[in-house]
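Numbered continuously in my numbering, the sequence shown closes out at residue 81. Okay, structure first, notes after.
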Amino acid sequence: MLALRLPIEIEKRLDTLARRTGRTKSFYAREAILRHIEDIEDTYLAERRVAKNEERTSLEDLEREFSSDADK
């Protein structure tokens, strides 16, 4: 179970969307989380790595690694 406090403007938009579409506010909150959680995780993990000065991987290295995996 999850309880959220949203800014009034967002709450009103969510109410309106739910009313107009016949779905619940919970449905749309769940959809938003499912669609964006991976991006949020990536952002926070990357920020944490930078802050801790941890090892980084360049885009070129990732592309090279994944393109060689696809050739197998």
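Where is the CB? At the ideal position from N, CA and C, for every residue including glycine.
Lys34 and Ile46 have their C-alpha atoms roughly 18 Å apart. Annotation for Arg39: the continuous alpha helix (DSSP H) segment containing it runs Lys34 to Ala60.
Linking Thr25 to Ile17 through their CA atoms gives a straight-line distance of about 12 Å. Per DSSP, reduced to three states, the secondary structure at Ala12 is coil, with no helix or strand assignment.
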